[in-house]
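Numbering (our numbering), first residue to last: 708 to 1110.
See structure below.
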Ligand SMILES: [Zn+2]
């Protein structure tokens, strides 16, 4: 069998025919001829006049341990539609790419699943290259239907750089758990841009939106989705409860013999009752026995958590009223204050429960974004982090070339 025939079969390059193969310092260079002679602009326009030609190479998937390159004589055309000279579109690579689509898809697939250092080592590319590739892959596969059929959504902000000045606004679909919109900043404009993308018809479908309590999002929601119920994220309510409990506990610091003991106890009271280890549970029971006020505060925290966990939604209203009354009469200042805050936000809290979005999905997404940060995906800019969010949380399906 001839070498070019073998490579033709092995690589099966869409729209290309292998002419020759050479082994160089950089790896295997496969000369490819375009099957179609028609000159096609990336915009879709075709032309007969060739502006000029030059040799271009694309990195393809490795052959064993050897790098592989596709090489062809590429033409440029003076596109009347684009109004400028552009390089013709080849079927095996995305416009402007220096890697084949198969190579890029493998990078994207890997980045959905593992950290960037692994990807750069395995694929032998730089971080910057990965960033550029992921952008193209996301643009190529992002589901344009993601804005259809949105009924219950959540909006949250994420701070992506230390110092707390750089924010992204993230909108997620509670029903699919997918991120549908990312905008720079934590402003009303950031959410308004989402509603404008959605358009009036799809805005009218939205039944509920979850957010944090002190929210700047209320105004854009009142303008664009006035019919939607505002729901408050359980996460923030629980944070409040934990803060109140913490404050009760801190005031007792002197009663603990050692700092270590104090820390262990603090960790125990913060943990949800259902997640306590045997030893922590013991510690907690002892602490609560010795200090009735703290025990009472802990119970109030746990009872508030239960509204999202074990209480049937049909009983939620009564349960919450009852809880507010108990907190009000607790004679614990921190919980009396909490009771007032909860009363103020009662409707939003109950909406969340009745809408069935108390599972904290949006917060789950927030936690995942923080994980992306941790994995070191080099999001020094809002744009790179945005791309990574779509890649990993946008439920983008990337086909592997090894089908
Ligand atoms: Zn064009």
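All C-beta atoms in this analysis are idealised placements derived from N, C-alpha and C, irrespective of residue type, glycine included.
As the structure is a prediction and not an experimental result, all values here were calculated from the model.
Item: What does the alpha-carbon distance come out to for the pair residue 896 and residue 764?; Value: 43 Å
Item: Reducing DSSP to helix, strand and coil, say where residue 1052 ends up.; Value: coil
Item: Under the rule that 16 or more other beta-carbon atoms within 10 Å means buried, what is residue 814, buried or exposed?; Value: buried
Item: Which residues mark the beginning and the end of the beta strand (DSSP E) in which residue 1032 is found?; Value: Where residue 1032 is concerned, there is no enclosing beta strand (DSSP E), although the alpha helix (DSSP H) it sits in stretches over 1023 to 1035.
Item: One question on the structure: do residue 1079 and residue 1096 come within less than 9 Å of each other, judged by their Cβ atoms?; Value: yes
Item: Under DSSP, the alpha helix (DSSP H) around residue 804 begins and ends at which residues?; Value: Element bounds for residue 804: n/a, residue is neither H nor E.
Item: Return yes when the C-beta of residue 793 is under 8 Å from any heavy atom of ligand 1, and no when it is not.; Value: yes
Item: Tell me which residues share the same chain as residue 926 and place their Cβ nearer than 7 Å to its Cβ, disregarding the 5 neighbours each side in the sequence.; Value: 895
Item: Please name the residue or residues paired with residue 730 in a DSSP beta bridge.; Value: 735
Item: Could you tell me whether the segment 879 to 889 touches the segment 829 to 847, using the rule of 3 or more Cβ pairs below 8 Å?; Value: no
Item: Are three or more beta carbon pairs between the segment 914 to 932 and the segment 1027 to 1034 nearer than 8 Å?; Value: no
Item: If I measure Cβ to Cβ from residue 907 and keep anything under 7 Å in the same chain, skipping five residues before and after, which residues do I get?; Value: none
Item: Less than 7 Å between C-beta atoms, sequence neighbours within five positions excluded: which residues of the same chain meet that for residue 805?; Value: 765, 766
Item: Can you list, in chain order, the residues of its chain with a C-beta nearer than 6 Å to that of residue 1093? Leave out the 5 residues immediately preceding and following it.; Value: 889
Item: Contact check, residue 812 vs residue 844 under 8 Å by CB: the rounded distance?; Value: 6 Å
Item: Tell me which residue opens and which closes the beta strand (DSSP E) that residue 874 is part of.; Value: 874 to 880
Item: Is it right to say residue 991 is buried, meaning 16 or more other beta carbons lie within 10 angstroms of its own, or is it exposed?; Value: buried
Item: Any heavy atom of ligand 1 closer than 8 Å to the CB of residue 788?; Value: yes
Item: Out of 910, 801, 711, 1054, which one is the CA nearest neighbour of residue 940?; Value: 1054
Item: Cα-Cα, which of 714, 829, 720 is closest to residue 728?; Value: 714
Item: What is the C-beta distance between residue 1042 and residue 1004, in whole angstroms, given that I count them as a contact (C-beta under 8 Å)?; Value: 6 Å
Item: Considering just the uninterrupted stretch of the alpha helix (DSSP H) at residue 905, what are its terminal residues?; Value: 895 to 910
Item: Taking 8 Å as the cut-off, does the CB of residue 749 come closer than this to any heavy atom belonging to ligand 1?; Value: yes
Item: With respect to 8 Å, is the separation between the Cβ of residue 752 and the closest non-hydrogen atom of ligand 1 below this value?; Value: yes
Item: What whole-angstrom Cβ distance do residue 796 and residue 749 have, given they're in contact under 8 Å?; Value: 5 Å
Item: Is the segment 820 to 831 in contact with the segment 781 to 790, if contact means three or more CB pairs nearer than 8 Å?; Value: no
Item: Indicate whether residue 975 and residue 994 have their beta-carbon atoms separated by less than 9 Å.; Value: yes
Item: Under DSSP, the alpha helix (DSSP H) around residue 948 begins and ends at which residues?; Value: 941 to 957
Item: Determine whether the beta carbon atoms of residue 776 and residue 726 lie at a separation below 9 Å.; Value: no
Item: Do residue 1049 and residue 944 count as a contact pair if the criterion is CB distance below 9 Å?; Value: yes
Item: List the residues that DSSP assigns as beta-bridge partners of residue 753.; Value: 747
Item: Below 6 Å CB to CB, which residues in the same chain sit around residue 754 once its five sequence neighbours on both sides are set aside?; Value: 746, 784
Item: Taking all protein chains shown into account, decide if residue 676 is buried (16 or more other Cβ within 10 angstroms of its Cβ) or exposed.; Value: Beyond the ends of the chain as shown, which are 708 and 1110, falls residue 676; an answer cannot be given.
Item: In the DSSP assignment, find the unbroken beta strand (DSSP E) run with residue 779 in it and report its ends.; Value: 773 to 786
Item: Please list, in chain order, all residues of the same chain as residue 759 whose beta carbon is under 6 Å from its beta carbon, the five residues on each side excluded.; Value: 783
Item: First and last residue of the beta strand (DSSP E) that includes residue 1006?; Value: Residue 1006 -> not in any beta strand (DSSP E); alpha helix (DSSP H) instead, spanning 999 to 1016.
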